[in-house]
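Numbering (my numbering), first residue to last: 506 to 623.
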């Protein structure tokens, strides 16, 4: 049995990016997280699972409360590391979309996906 907890399409603005000019203004990051928990989740016990607020908190800690991060890959890894500290976490999936990424032509939605398994 696998239990998954997730948060999709959480829009957060932060000052991150590879190029120095990206550090001068806030830009949107759309984050989705999915966490697979071990089968030891107890029915009716929030302490044995993962609260959605913990997922938002992990994202906020990385995007809102940190120095500029140059690569989305690093950002996703840091979000995953926060979540891994929670009880019963077996797998973490993080997707970060950067709709205002500097592209040579309009169109497309840049994103990265990060997976971690215990």
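C-beta atoms are modelled at their ideal positions from N, C-alpha and C, and glycine is treated no differently.
Close-in-space but distant-in-sequence residues of the same chain around residue 596 (CB under 6 Å, 5 per side omitted): 541 and 622
Of the listed residues 574, 608 and 583, nearest to residue 538 (C-alpha basis): 583
Residue 511: first and last residue of the uninterrupted beta strand (DSSP E) it sits in: 508–519
Exposure label - residue 524; buried when at least 16 CB within 10 Å: exposed
Alpha-carbon spacing of residue 565 relative to residue 610, whole angstroms: 30 Å
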